[in-house]
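Protein chains in written order, with this note's numbering: chain A, 1 to 318; chain B, 319 to 541. Every residue, glycine too, gets a C-beta built ideally from N, C-alpha and C. A quick write-up on the structure given underneath.
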């Protein structure tokens with residue numbers, strides 16, 4: 001019985017991220033539209049889009065290989081697993097021992113690898129340029145992300161997300177400038193990885209500057225639906241990671257009774273909706289930067305996270 | 319180890335170091351001036367906190383001097399000068415922001431590696447303050463050598479001086495610290511007058527110090 005409850009809690013988390021992912025896209029698009037003084041589509045529009053795309057015919061290029069057809073599912077699967085592993089409303093779920101921060105970074109990198117291959121598969125110019133730019137961004141963002149992981153792991157003494165969150169909830173780490181720097185670097189990396197505005201414009205089509213959209217330009221039908229869903233899941237994953245690492249309050253730590261779970265769910269929803277509102281506000285305040293500025297943008301994230309690691313070494317007595 | 323006194327000192331000194339990196343990253347003069355003012359405010363908070371935990375009220379004077387002079391007076395004066403010189407344009411740097419920051423990270427690592435073995439038998443707080451101060455000093459030097467513009471070179475010098483004050487206050491029982499701080503402030507006023515010298519040199523139509531090299535007949539490699 002206890003095992004069934006534990007499995008149920010884990011299954012709830014897996015379905016929760018699946019259900020919330022399009023909502024995050026919807027909220028941020030709506031807020032963005034309102035900030036630009038447009039009405040914007042309704043908040044649930046991404047659900048309708050995915051539903052519509054799932055029922056449309058998938059058009060394939062003549063020279064598309066099996067890689068082109070399987071890549072969207074691989075991307076979706078890795079992103080879903082990664083998103084379901086990040087603690088959302090509770091820690092110490094059944095599979096939380098697998099929720100290693102480095103494993104999550106690796107899962108996301110696998111998905112990106114598949115998508116970049118698929119972008120080059122058909123052999124169009126846009127797909128190739130998108131894939132090469134995506135790889136450039138990844139090669140700059142991943143060192144920064146790994147340094148963020150190291151700095152957080154040095155403070156917590158573990159790379160397991162559940163253990164980190166429980167340590168940070170109890171507030172025994174004190175006041176750390178390293179955590180602030182790591183959060184700063186993490187937000188920069190998250191913006192770059194999710195193709196948001198200073199780096200890439202998620203609402204663009206047929207522009208020379210697009211990155212993510214250029215890779216998926218050839219996709220249609222159910223493949224496109226799955227890719228869009230994965231993009232939403234990735235955004236939600238970064239939101240949950242931010243909430244779990246830097247504001248882990250309100251999560252269920254001990255017994256999973258109904259009250260605790262409801263409180264955990266409510267605080268989690270509040271946190272991610274707040275982030276989904278803040279993201280478009282930040283996006284509206286800045287202009288998209290040139291491709292040649294990316295190394296400086298992500299380099300500052302790298303510098304901040306490296307500084308965070310260095311500061312930890314100073315305050316540690318050898 | 320996790321007492322609040324240490325944590326707050328760590329936070330303030332660490333944010334000073336982070337602001338040094340922001341200074342290196344910025345390439346607009348007005349933004350550089352604003353970040354410098356922020357760093358001075360962080361310095362004065364840090365010194366005030368040292369005054370509180372070391373129970374040394376004379377450090378408060380240093381904090382007030384840092385806050386008023388470097389947090390408000392000098393940035394405002396420099397803003398006016400910049401506006402009068404009409405140089406709201408981009409700063410040209412010797413090397414780009416990316417390599418500069420990598421080099422700066424190397425300098426931070428160097429200063430930490432230097433201070434950690436030296437200060438084995440002093441308190442953790444003093445050792446850490448020394449490491450941060452040395453890093454801020456080195457980053458200020460780096461900023462001075464990577465910029466062509468006279469105003470940002472002065473900012474680099476003053477952020478270096480922020481590091482010196484941080485080092486002086488981090489060491490316990492430094493009675494002459496007020497005098498040292500005042501002396502450095504006078505020095506800064508002197509540097510500010512240096513800008514007027516550059517204003518006189520407006521016949522070059524620039525405050526790019528590269529023009530001086532050309533005037534003296536020294537050739538600089540055109541990058």
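Worksheet entry | Three-state secondary structure (DSSP) of residue 541 of chain B | On the second chain, residue 541 of chain B is found 223 positions in, with the first residue counted as 1. For residue 541 of chain B, the predicted structure reports a pLDDT of 45, less than 50, and the residue's modelled location is therefore unreliable. A value from the coordinates is still provided. Looking at residue 541 of chain B - three-state DSSP - the assignment turns out to be coil, as it is neither helix nor strand.
Item to complete: Figure out for me which residue from B:465, B:379, B:484, B:472 has the closest Cα to the Cα of residue 449 of chain B.
Response: Reading the second chain from its first residue, position 131 is the one you call residue 449 of chain B. Cα-wise, what sits closest to residue 449 of chain B is B:484.
Worksheet item: For residue 100 of chain A, which residues from the same chain have a beta carbon less than 8 Å from its beta carbon, with the 5 sequence-adjacent residues on both sides left out?
Response: Locating residue 100 of chain A in the first chain gives position 100, where the first residue counts as 1. Here the set comprises 159, 160, 161.
Worksheet item: Between which two residues does the alpha helix (DSSP H) harbouring residue 260 of chain A extend?
Response: Walking along the first chain from the start, residue 260 of chain A turns up at place 260. Element bounds for residue 260 of chain A: 258 to 285.
Discussion item. On the criterion of 16 or more Cβ atoms from any shown chain inside 10 Å, does residue 388 of chain B qualify as buried, or is it exposed?
Written reply: The residue you call residue 388 of chain B lines up with position 70 of the second chain. By the neighbour-count rule (16 or more Cβ atoms within 10 Å), residue 388 of chain B is buried.
Worksheet item: Which of the three DSSP states, helix, strand or coil, is assigned to residue 471 of chain B?
Response: Numbered from 1 along the second chain, position 153 holds the residue referred to as residue 471 of chain B. Here residue 471 of chain B sits in helix by DSSP.
Worksheet item: What is the C-beta distance between residue 120 of chain A and residue 111 of chain A, in whole angstroms, given that I count them as a contact (C-beta under 8 Å)?
Response: The count along the first chain starts at 1 and reaches residue 120 of chain A at position 120. The count along the first chain starts at 1 and reaches residue 111 of chain A at position 111. Incorrect: roughly 16 Å between the Cβ atoms, too far for contact.
Discussion item. For residue 152 of chain A and residue 246 of chain A, I'd like the C-alpha separation in whole angstroms.
Written reply: On the first chain, residue 152 of chain A is found 152 positions in, with the first residue counted as 1. On the first chain, residue 246 of chain A is found 246 positions in, with the first residue counted as 1. Spanning the two alpha carbons is a distance of roughly 10 Å.
Discussion item. Which same chain residues end up closer than 8 Å to residue 459 of chain B when comparing Cβ atoms and leaving out the 5 residues on each side of it in sequence?
Written reply: Counting from one through the second chain, the residue named residue 459 of chain B turns up at place 141. Cβ within range, chain order: 474, 478.
Practice prompt. Step through the CB atoms of chain A and report whether any lies within less than 8 Å of the CB of residue 333 of chain B.
Written response: For the purposes of this step, residue 333 of chain B is taken as residue 15 along the second chain, with counting starting at 1. Taking Cβ atoms only, chain A reaches closer than 8 Å to residue 333 of chain B, which makes this a yes.
Worksheet item: Where does the unbroken alpha helix (DSSP H) through residue 419 of chain B begin, and where does it stop?
Response: For the purposes of this step, residue 419 of chain B is taken as residue 101 along the second chain, with counting starting at 1. Looking at the DSSP string, the run of the alpha helix (DSSP H) that includes residue 419 of chain B is 415 to 436.
Item to complete: For residue 361 of chain B, return the contacting residues in chain E, with the cut-off set at a CB-CB distance below 7 Å.
Response: Any reference to chain E falls outside this structure, whose protein chains are A and B.
Worksheet item: How would you call residue 445 of chain B, buried or exposed, if buried means at least 16 neighbouring beta carbons within 10 angstroms?
Response: Taking the first residue of the second chain as 1, we reach residue 445 of chain B at position 127. Buried, since its Cβ has 16 or more Cβ neighbours within 10 Å.
Discussion item. Please classify residue 39 of chain A as buried or exposed, where buried requires at least 16 neighbouring CB atoms within 10 angstroms.
Written reply: Mapped onto the first chain, residue 39 of chain A falls at position 39. Answer is exposed; the Cβ neighbour count stays below 16.
Worksheet item: For residue 366 of chain B versus residue 337 of chain B, is the C-beta distance shorter than 8 Å?
Response: On the second chain, residue 366 of chain B is found 48 positions in, with the first residue counted as 1. On the second chain, residue 337 of chain B is found 19 positions in, with the first residue counted as 1. Not closer than 8 Å, so no.
Practice prompt. Name the two residues that bound the continuous alpha helix (DSSP H) containing residue 343 of chain B.
Written response: What you label residue 343 of chain B is simply residue 25 of the second chain in a count that begins at 1. Per DSSP, residue 343 of chain B belongs to the alpha helix (DSSP H) from 322 to 343.
Fill in: Identity of the residues DSSP links to residue 160 of chain A by a beta bridge
Here residue 160 of chain A is taken as the residue at index 160 of the first chain, counted from 1. Answer is A:100.
Practice prompt. Starting from the N-terminal side, write out each stretch of the alpha helix (DSSP H) that is 4 residues or longer and does not extend beyond the region 172 to 208 of chain A.
Written response: 177 to 193
Practice prompt. Please determine, among A:91, A:92, A:81, A:96, the residue with the shortest C-alpha to C-alpha distance to residue 108 of chain A.
Written response: Counted from its first residue, the first chain places residue 108 of chain A at position 108. When only C-alpha atoms are compared, the closest one is A:81.
Discussion item. Only counting the same chain, and skipping five residues up and downstream in sequence, which positions put a Cβ closer than 7 Å to that of residue 319 of chain B?
Written reply: Translated into the one-based positions of the second chain, residue 319 of chain B becomes position 1. Because the pLDDT of residue 319 of chain B is 46, which lies under 50, any placement of that residue in the model is unreliable, and the number read from its coordinates should be weighed accordingly. Correct list: empty, nothing qualifies.
Worksheet entry | residue 238 of chain A to residue 269 of chain A span [Cα, whole Å] | Your numbering for residue 238 of chain A matches position 238 in the first chain. Your numbering for residue 269 of chain A matches position 269 in the first chain. For residue 238 of chain A and residue 269 of chain A, the distance between alpha carbons rounds to 14 Å.
Item to complete: Using a Cβ cut-off of 7 Å, pull out every chain A residue sitting near residue 426 of chain B, in sequence order please.
Response: Your numbering for residue 426 of chain B matches position 108 in the second chain. Near residue 426 of chain B (Cβ distances below 7 Å), the residues of chain A are 307, 310.
Discussion item. Between which residues of its own chain and residue 224 of chain A is the CB-CB distance below 6 Å, once the five residues before and five after are set aside?
Written reply: Looking up residue 224 of chain A in the first chain gives position 224. Once the five neighbours on either side are set aside, the close Cβ partners of residue 224 of chain A are 53.
Worksheet entry | Beta-carbon proximity of residue 123 of chain A to residue 212 of chain A, cut-off 8 Å | Residue numbering aside, residue 123 of chain A sits at position 123 when the first chain is read from its first letter. Residue numbering aside, residue 212 of chain A sits at position 212 when the first chain is read from its first letter. No, Cβ-Cβ distance for residue 123 of chain A and residue 212 of chain A is not below 8 Å.
Worksheet entry | Rounded distance between the beta-carbons of residue 415 of chain B and residue 343 of chain B, thought under 8 Å | Position 25 of the second chain, counted from the start, is the residue given in the question as residue 343 of chain B. Position 97 of the second chain, counted from the start, is the residue given in the question as residue 415 of chain B. The Cβ separation is near 5 Å, so the contact holds.
Worksheet item: Given residue 281 of chain A, which residues of its chain have a CB within under 8 Å of its CB, disregarding the five upstream and five downstream residues?
Response: Position 281 of the first chain holds residue 281 of chain A. So the qualifying residues of the chain are 31, 35.
Practice prompt. Go ahead and pull the three-state DSSP assignment for residue 112 of chain A.
Written response: On the first chain, residue 112 of chain A is found 112 positions in, with the first residue counted as 1. Residue 112 of chain A falls in the helix class under three-state DSSP.
Worksheet item: According to the Cβ coordinates, are residue 169 of chain A and residue 251 of chain A closer than 8 Å?
Response: Walking along the first chain from the start, residue 169 of chain A turns up at place 169. Walking along the first chain from the start, residue 251 of chain A turns up at place 251. Yes; because the gap between Cβ atoms is below 8 Å, this pair is in contact.
Discussion item. According to DSSP, simplified to helix, strand and coil, what is residue 465 of chain B?
Written reply: Counted from its first residue, the second chain places residue 465 of chain B at position 147. Looking at residue 465 of chain B - three-state DSSP - the assignment turns out to be strand.
Fill in: Nonlocal neighbours in the same chain, by C-beta distance under 8 Å from residue 7 of chain A, ignoring five residues either side
Locating residue 7 of chain A in the first chain gives position 7, counting from the first residue. Excluding residues within five positions, the ones whose Cβ falls inside 8 Å are 94.
Item to complete: Verify the CB distance criterion: does residue 461 of chain B have a CB-CB separation below 8 Å to chain A?
Response: Translated into the one-based positions of the second chain, residue 461 of chain B becomes position 143. Cβ-Cβ to chain A under 8 Å: no for residue 461 of chain B.
Worksheet item: Which word fits residue 202 of chain A, buried or exposed, when buried means at least 16 other C-beta atoms lie within 10 angstroms of its C-beta?
Response: By 1-based counting over the first chain, the position of residue 202 of chain A is 202. Buried, by the Cβ-count rule.
Item to complete: Sort out for me which residues DSSP pairs residue 90 of chain A with in a bridge.
Response: Start at 1 with the first residue of the first chain, and residue 90 of chain A comes out as number 90. DSSP lists A:252 as partners of residue 90 of chain A.
Practice prompt. Please determine, among A:135, A:306, A:69, the residue with the shortest C-alpha to C-alpha distance to residue 339 of chain B.
Written response: Taking the first residue of the second chain as position 1, residue 339 of chain B is located at position 21. Comparing Cα-Cα distances from residue 339 of chain B to each of A:135, A:306, A:69, the minimum goes to A:306.
Practice prompt. Return the Cβ separation of residue 167 of chain A and residue 156 of chain A in integer angstroms, given the expectation that the two are a contact with Cβ distance under 8 Å.
Written response: Here residue 167 of chain A corresponds to residue number 167 of the first chain, with the count starting at 1. Here residue 156 of chain A corresponds to residue number 156 of the first chain, with the count starting at 1. Yes, they are in contact, since the Cβ atoms of residue 167 of chain A and residue 156 of chain A sit about 5 Å apart, within 8 Å.
Worksheet item: Applying the criterion that 16 or more other CB atoms from any shown protein chain within 10 Å of the CB defines a buried residue, is residue 543 of chain B buried or exposed?
Response: Nothing can be reported for residue 543 of chain B, as the shown portion of chain B is limited to 319 through 541.
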